[in-house]
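Taking it in order: structure first as structure tokens, then the write-up.
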Amino acid sequence: VREAKTKSTPKINRWPTFLAGRLVLNVDASFTEGDYAWSCDAVIHDHRGSFMSTSMTRLEHVADVFTAGAAALLEGLKLARDTGCNNLMVRSDNIMVVDVLRFNEGYSMVAAPVLDECRSYLVDFGRFIIEHCIRESNYVAHKLARWRRTNNPSRWIDAPPDFIVSLLADDISVL
Numbered sequence: 001v002r003e004a005k006t007k008s009t010p011k012i013n014r015w016p017t018f019l020a021g022r023l024v025l026n027v028d029a030s031f032t033e034g035d036y037a038w039s040c041d042a043v044i045h046d047h048r049g050s051f052m053s054t055s056m057t058r059l060e061h062v063a064d065v066f067t068a069g070a071a072a073l074l075e076g077l078k079l080a081r082d083t084g085c086n087n088l089m090v091r092s093d094n095i096m097v098v099d100v101l102r103f104n105e106g107y108s109m110v111a112a113p114v115l116d117e118c119r120s121y122l123v124d125f126g127r128f129i130i131e132h133c134i135r136e137s138n139y140v141a142h143k144l145a146r147w148r149r150t151n152n153p154s155r156w157i158d159a160p161p162d163f164i165v166s167l168l169a170d171d172i173s174v175l
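Take a look at the structure:
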């Protein structure tokens, strides 16, 4: 008699375990129908998931998802540079951008200048890891990018905006 195998739904952890001292940069982009504009967000957390900073901006005249994802990454790298971060774990749910930067191949000519600038920033950081993550594990950056579509560009350092405090608490609770 064979035992029945039970299926269990895997738990999605938004914050994987990190080495001490590593900072986490999550980036995402969001499209606004009607005006053909994108918005992007970057969120930096410490290795425990605690908020450090965020930056949101609007992207005009972006050709495609790939270029928007690269622009979101560039926004995040600028935030990391401006706030003195190093030893980064860069996370994006745009697998095309992640793969291009990890394997240095196969990207569009439209995004080439943005990706070249991203590479330049990454080299300046010294130690970094780039990884793909599913949207559920990039939740705060995703929600901020969507929120930005109707709000002005903003940056918050050290203290998060009130409207994301509960999202950050949800992320930390899954550790």
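Residue numbering for the sequence shown follows full-length UniProt numbering, starting at 1 and increasing by one per position.
C-beta: ideal position from N, C-alpha, C; glycine also.
Since the structure is predicted, the reported quantities are computational estimates derived from the model, not experimental observations.
{"Item": "A29 - partner residues in DSSP beta bridges", "Value": "C40"}
{"Item": "Stretch-stretch touch, CB-based, cutoff 8 Å, three pairs: the segment 97-106 with the segment 45-62", "Value": "no"}
{"Item": "The segment 79-91 touching the segment 45-58, judged by at least three CB pairs closer than 8 Å", "Value": "yes"}
{"Item": "Assumed close pair R127, N26 - CB separation to whole angstroms, cut-off 8 Å", "Value": "Rounded, the Cβ-Cβ distance is 18 Å, inconsistent with contact."}
{"Item": "Distance between beta carbons of V114 and T67, contact taken as under 8 Å", "Value": "6 Å"}
{"Item": "C-alpha gap between Y121 and L74, whole angstroms", "Value": "8 Å"}
{"Item": "Rounded C-alpha distance that separates R22 from F103", "Value": "22 Å"}
{"Item": "Neighbour-count burial assignment, S166, 16 or more Cβ in a 10 Å radius", "Value": "exposed"}
{"Item": "Assigned exposure category for I95 - 16 Cβ within 10 Å defines buried", "Value": "exposed"}
{"Item": "Assigned exposure category for M89 - 16 Cβ within 10 Å defines buried", "Value": "buried"}
{"Item": "Length at least 4, wholly inside the segment 106-133: the alpha helix (DSSP H) runs in chain order", "Value": "112-125"}
{"Item": "Sub-9 Å separation of A72 and A29 beta-carbons", "Value": "yes"}
{"Item": "Neighbour-count burial assignment, A159, 16 or more Cβ in a 10 Å radius", "Value": "exposed"}
{"Item": "Which listed residue (L168, C118, V24, D124) has its alpha carbon closest to that of G69", "Value": "C118"}
{"Item": "Backbone CA spacing between L77 and E136 [nearest angstrom]", "Value": "21 Å"}
{"Item": "Proximity below 9 Å, CB of C40 to CB of D93", "Value": "no"}
{"Item": "Pick from H45, W38, V123, F31 that is closest to residue 237, judged by C-alpha positions", "Value": "Because the chain spans 1 through 175 in this model, residue 237 falls outside it and cannot be assessed."}
{"Item": "Counterpart residues of F66 in DSSP-defined beta bridges", "Value": "According to DSSP, F66 bridges with nothing at all."}
{"Item": "Per DSSP, the bridge partner or partners of T83", "Value": "Answer by DSSP bridge pairing: none, since T83 is not bridged."}
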